[in-house]
Structures are given as structure tokens and as C-alpha cells.
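Visitor:
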Amino acid sequence: MDFNLTEEQTAILDLTRRFARERIKPHVREYDRDERFPLEIYEQMGPLGLTGGVIPEEYGGAGMDYQTYALMIMELASTCQVMACAASWASGVGGISVLRYGTEEQKKEFLVPLAQGRGPVAFALTETHTGSDVASMRTRAVRDGDHYVLNGTKVWISMVAKARWIITFATLDPAAGRKGITAFLLDPASAGISRSPFKNKVGFRPLESGELVLDNVRVPASSRLGAEGEGFKIAMSSVESGRLSVAARCVGMIGACLELATEYAKTRETFGQPIARRQLIQSKITDMRVAYETARLLVLQAAWKKDSGDRARADTSMAKLYASDALMRVAEDAMQIHGAYGCSDEYEIGRYWRDAKFMQTIEGSNEIHRGLVAEYELGYR
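Offset between the sequence shown (1-based) and my numbering: plus 268.
#1: Drop a sphere of 10 angstroms on the beta-carbon of V410, count the other beta-carbons inside from all chains shown, and report buried for 16 or more, exposed for fewer.
#2: For P324, which option in L379, G520, E537 and H606 has the closest C-alpha, if you only look at C-alpha atoms?
#3: Alpha carbon to alpha carbon, what distance is there between L440 and E395?
#4: What does the Cβ neighbour count give for S576, buried or exposed, with the cut at 16 atoms within 10 Å?
#5: Could you pull out every residue in the same chain whose Cβ sits closer than 6 Å to the Cβ of G494, ignoring the five residues on either side in sequence?
#6: Which residues in the same chain as M586 place their Cβ atom closer than 7 Å to its Cβ, once the five residues preceding and following it in sequence are excluded?
#7: DSSP state of S576, grouped into three classes?
#8: Taking S458 as the reference, give the member of G639, W433, F437 and K469 with the closest Cα.
#9: What three-state label does DSSP hand K430 in the structure shown?
#10: Alpha carbon to alpha carbon, what distance is there between R536 and L393?
#11: Measure the alpha-carbon distance for F466 versus T421 and round it to whole angstroms.
#12: Let me check one thing: in DSSP terms, what residues is Q541 bridge-paired to?
#13: Residues bridged to E395 by DSSP?
#14: So, for S612: in the same chain, excluding its five sequence neighbours on each side, which residues have a beta-carbon less than 8 Å away from its beta-carbon?
#15: For a quick check, are the C-beta atoms of Q384 and T336 less than 8 Å apart?
#16: Using 10 angstroms around the beta-carbon of E635, count the other beta-carbons present and answer buried if the total reaches 16, otherwise exposed.
#17: Among L318, Y609 and D300, which one has its Cα closest to the Cα of A288?
#18: With L418 and V485 assumed to form a contact (beta carbons below 8 Å), what rounded beta-carbon distance in angstroms separates them?
#19: DSSP has D412 in a bridge; who is on the other side?
#20: For G541, I'd like the list of residues in its chain whose CB is within less than 6 Å of its CB, leaving aside the five on either flank, ordered along the chain.
#21: With three or more beta-carbon pairs closer than 8 Å as the criterion, would you say the segment 337 to 352 touches the segment 295 to 310?
#22: Let me confirm a value: Q388 is counted as buried when at least 16 other C-beta atoms fall within 10 Å, else exposed. Which label applies?
#23: Using only the alpha-carbon positions, how far apart do A602 and Y310 sit?
#24: Could you tell me whether the Cβ atoms of G320 and S359 are closer together than 8 Å?
#25: Can you check which of these residues, K430, P381, R446 and F437, is closest to R463 by C-alpha distance?
#26: Considering only residues of the segment 313 to 393, which uninterrupted alpha helix (DSSP H) runs meet the minimum length of 4 residues and lie entirely inside it, listed in chain order?
#27: Three-state secondary structure (DSSP) at A288?
#28: Could you check whether R286 and Q312 sit closer than 8 Å to each other, using their CB atoms as the reference points?
#29: By a C-beta neighbour count over all protein chains shown, 10 Å radius and 16 as the cutoff for buried, is L344 buried or exposed?
#30: Among L454, S592 and R473, which residue has its Cα nearest to the Cα of L482?
#31: Keeping to the same chain, check which residues put their C-beta closer than 6 Å to that of R446; ignore five residues upstream and five downstream.
#32: What is the DSSP secondary structure of S633, counted as helix, strand or coil?
#33: I need the boundaries of the beta strand (DSSP E) containing D698, first residue and last residue.
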């Protein structure tokens, strides 16, 4: 594993950094305050390759390897993790699902414009009573000739209000558990679909996460993704890819928290000297730096294994688990260094702290990942 950046990686990161700082950063506070996903900015990311990620060039993607992809997501997330999330879903849980299980017609219709950033995708898996317990979902699909009729409710669906495409899951037979789950590609404009974003969330405000209601929605059989009963496999395969991007976003956010805390500590004076001169503050800065480097290495190792053809299931779980827990600690320490000013919207650190909490829950709670890592280590999986 070579830690030196290639010329291509350097160029991609420079491009990402410039775009994030020039086009996104000046408006992040506004997006957060208004709880608005900036579709106009997202659509500018496509032509730059930021939404194409690991999707092959033949399907409109950027054809990145996973290491380059992870580094790009880190860079985006250091400025705005919501935009990094949207970009990662285009080539991650959304794009990967269609790439691996879609027909050629579906790839041309959905994957190409998705990878090119012509609109975000929503991945509708979670229900009110099922988060990680996917096999217990209650959304039903009933075959009716050359269509399926879907009924049910999904919650905490990211970008639900602005999504141009929705990948959702429903069970054909609740008694069959995971074997009854099937995946579908939905047009949000279809009759019977209603979408409503949650308001006043603690974090992730511009992501417009919310509720998706399916009321007798007729879906053509040609819009089924994969075979009947393959939905659970599709969901788990996609979420595994998503965990790497979550971990990468955490690394980017850790780096941003460290930078903000360091800058503030060097300029904030008490008792005649900068607080950066105080040993307790230096101890926090040290812990932040160690957390950043450790999380980054875990992410790059998982990405390297995926590039080598390994599914890296244990590695992505470890990276997501460690990086999100580390982010929460780092954000907390950075807030403490800022003192009361950290609680003001005039300072960026509060937004990172609010967003950090969500990272411990999405793509599988950290409690779930602790169990998964143990089972991999014990040979139970």
C-alpha cells in the first residue's frame, strides 16, 4: 500500500478542494439554517466527476478506485458533509445498487444520469420500527400482472424531498423474512407517492431527510431491481459500500474540527497568553490529531482491500465504528476549546458537533458494528 498520492489523485483533490471552498463553503451556514439541500450546487458537481466516484466511465462515472474515492469524500466532507453524503450516495449505495444488480436498460436510464449528477438519489430502506433489523420490514409489494403495487412508509430517508430517483425495498411475503424482500426503482412523480422532510433536526439539516409514504403505488415489473427476493442481498451489499463513505466523511469532519480548534486556540487569549499554550488544551489537540491519523489509516486500508477485490466487510465496519466515535470525541473537545462561542451559529464548530452525532447511527448503529466486528473475529460470519 503506497501512501504517496498519484498525480491523478492530487489533481482530483485540488479540484475538489477548490470547488468546496469557492462554491460550497460561503453558503454552508445558509443551507444549514434554511434546512435546504442546494440542488443547484449538486448539479455542478457532476461535470467535475464528484458524483461519479467509483462508477465506471462507460456508465457516466469517474471510474475512481476506492482509495481515490475515499480521499475525495474526505475533502468534500471537511467543508460540508451533507454535500459529501449526496455525492457518495450517487456512486455508493445508490449507484452501486444499480451497477451490480440492474439490467443494461436500467443502467442507461438510471445509472448514467445519476453518476453524472443530474439529480440525487434516495435509498429508502429504514422504517419506523426497523433500522438495522431490515428483515422485519412491513412495506408490502403485491404482484399485479406486469406491475407491483407497493404500500408502506419509510422514514429518515436522506434527500427524500429532492431525489430524482428512489431505490426502495418491500416484502412480497412477510413470513419469508429476508428472503421475501425485493428492491424497486421508483419515479418520485408516480401516483401514490408522498414525501415530507423532517424539520428542526439536530444535525444533517440540509439533507432534507424525512418520510416517504407509498399508497398503492404501481411500479412496472421492469423497474424491479434484481430478482424477487434479492432485496436483502442488494441492501446489505450497498450498505457495505456506504460504510466506507461514512467513515471517509468522518475523517474529513475530524480534520475540520481539528483545524477549527487549533486556529481558535492560537487566537483566543486568557490571562495574557493564547490558550494553545496551556497543557490541557495541547492534550486535546494531540488526541484530535491521533484520532484523525488513525481513522484515516483505517479508511484507506479498507479502501485498499476493496481495490484488491476483497469485500472488506470487517474493515469497513471497523473504519465506520472507529471514525464516527472518534469524530464525536473530537467534535466535543473542539466545542470545549471554543467555550461558549461554540454554541453560537457564528462559529462553524457547532454544526460539525451536531452533525457528528448522526454519524454514529447511520449505515448501521455503532452498537451493531461492534457486534459485527466481534462475529467476524470469532468466525461466526
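Backbone N, C-alpha and C fix where the C-beta goes; we use that ideal spot for every residue, glycine too.
Fair warning: this is a prediction, and the values are worked out from it, not measured in the lab.
Guide: According to the structure shown:
#1: Taking all protein chains shown into account, V410 has fewer than 16 neighbouring C-beta atoms within 10 Å of its C-beta and is therefore exposed.
#2: Answer by Cα proximity: L379.
#3: Straight-line Cα distance between these residues: approximately 16 Å.
#4: Flag for S576 reads exposed.
#5: Correct list, in chain order: Y369, A451 and I502.
#6: Once the five neighbours on either side are set aside, the close Cβ partners of M586 are L566 and V641.
#7: DSSP places S576 in coil when its eight states are reduced to three.
#8: Nearest option by C-alpha distance: W433.
#9: Look at K430 here: in three-state DSSP terms it is coil, with no helix or strand label.
#10: Approximately 46 Å, taken between the alpha carbons.
#11: Distance between the alpha carbons of F466 and T421: 14 Å.
#12: Answer is T538, bridged to Q541.
#13: E395 is bridged to T398.
#14: Only G618 meet the Cβ criterion.
#15: Result no, Cβ atoms of Q384 and T336 do not sit closer than 8 Å.
#16: Result: exposed.
#17: L318 is the residue among L318, Y609 and D300 whose C-alpha sits nearest the C-alpha of A288.
#18: The distance from the Cβ of L418 to that of V485 is about 4 Å, consistent with a contact at the 8 Å cut-off.
#19: DSSP lists H415 as partners of D412.
#20: Here the sequence assigns Gln to residue 541, which means Gly is not the residue at that position. Closer than 6 Å at the Cβ level, and outside the excluded window around Q541, lies no residue.
#21: Because the criterion of three Cβ pairs below 8 Å is met, the segment 337 to 352 and the segment 295 to 310 touch.
#22: The sequence as given places Pro at residue 388; Gln does not occur at that position. Taking all protein chains shown into account, P388 has 16 or more neighbouring C-beta atoms within 10 Å of its C-beta and is therefore buried.
#23: In this structure, the alpha-carbon of A602 lies about 29 Å from that of Y310.
#24: Yes, the pair counts as a contact, with Cβ atoms nearer than the cut-off.
#25: Closest option to R463, Cα to Cα, is K430.
#26: As far as the segment 313 to 393 is concerned, its whole alpha helix (DSSP H) runs of at least 4 residues are 334 to 347, 349 to 359, 361 to 369 and 380 to 383.
#27: Secondary structure at A288: helix, using DSSP grouped into helix, strand and coil.
#28: Cβ atoms of Q312 and R286: not closer than 8 Å.
#29: A residue is called buried when at least 16 other Cβ atoms come within 10 angstroms of its Cβ; L344 meets this threshold and is buried.
#30: Ranked by Cα distance from L482, the options L454, S592 and R473 are led by L454.
#31: Spatial neighbours of R446 in its own chain (CB-CB distance under 6 Å, excluding positions within 5 residues in sequence) are listed in chain order as A403 and F500.
#32: Coil, per DSSP.
#33: The structure shown does not extend to residue 698, since the chain spans only 269 to 649, so no value can be given for it.
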